[in-house]
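Peer 1: The opening residue of the sequence shown carries number 355 in the working numbering; numbering runs sequentially from there.
Sharing a structure, written as structure tokens. Questions coming.
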Amino acid sequence: MNGLDLYAKVEHLFDFEEVMQFLWGKYIEELKKLNVQKILDIGCGSGGFMEMAQKEGFEIVGIDISEQMVKNGKQKGLKVFHKNLCEVDEKFDACVAIFDVVNYLNDEELNWIIDNLSSEIGKIKYLISSGNQHVKERIVSLINRLIEDGRKQFE
């Protein structure tokens, strides 16, 4: 059993519900401002945010690399899949990566986000993420590298 699957089995023991509800509510507010409908939840876990988003009228799909988390989400009747971000082929209005999910993405997955963000042929229009300074530095560094290599232009 890997660390993510272990966490999935003990997640209910942590008293994070109030904090998670507050943070998820902030994400919902931002998504409403952007007037999006279809959302991809990267690292969706057991689907708590997905449940809230569905209640608010959003169409949401979740992916996670923990088989146990995906199983937990499916038991709730959610549209969750055990897959890598780079395997996503649907188009979405927005992606969310809540808590430190971006910290766990490899360079290939970060490239996927940048390559698919706000372009005519891209799969997502917006990315809303929380994280720490390390996350911000990784994303800025990657964007700078793509611009320097001439692979991406931003307006």
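Even glycine gets a Cβ: it sits at the ideal position worked out from N, Cα and C.
Is D454 helix, strand or coil by DSSP?
Peer 2: coil
Peer 1: How many Å lie between K387 and V415 at the Cα?
Peer 2: 20 Å
Peer 1: Give the range of the alpha helix (DSSP H) segment to which F403 is assigned.
Peer 2: 402-409
Peer 1: Just how far apart, CA to CA, sit E462 and A451?
Peer 2: The straight-line gap from Cα to Cα measures roughly 16 Å.
Peer 1: Specify whether the stretch 416-436 and the stretch 374-384 touch according to this definition: at least 3 beta carbon pairs, one from each stretch, less than 8 Å apart.
Peer 2: no
Peer 1: Are there 16 or more other CB atoms within 10 angstroms of the CB of F403, so buried, or fewer, so exposed?
Peer 2: buried
Peer 1: Report back the beta-carbon spacing between M406 and W378 to the nearest angstrom; my notes put them in contact at under 8 Å.
Peer 2: 5 Å
Peer 1: Whole angstroms are fine: how far does the CA of L481 sit from the CA of I396?
Peer 2: 10 Å
Peer 1: By DSSP's criteria, S483 is part of a beta bridge. Which residues make up the other side?
Peer 2: A451
Peer 1: My assumption, with CB atoms under 8 Å, is that D447 sits in contact with I393. Please give the rounded CB distance.
Peer 2: So it is a contact: roughly 7 Å between Cβ atoms.
Peer 1: Among E441, Y458, K425, G411, which has the Cα closest to the Cα of V390?
Peer 2: G411
Peer 1: Is L471 helix, strand or coil by DSSP?
Peer 2: strand
Peer 1: Could you spell out the range, first to last residue, of the beta strand (DSSP E) harbouring E413?
Peer 2: 413-418
Peer 1: Short check: CB of I478 to CB of C449, under 7 Å?
Peer 2: yes
Peer 1: Buried or exposed: S420, going by 16 or more other Cβ atoms within 10 Å of its Cβ?
Peer 2: buried
Peer 1: According to DSSP, simplified to helix, strand and coil, what is K437?
Peer 2: coil
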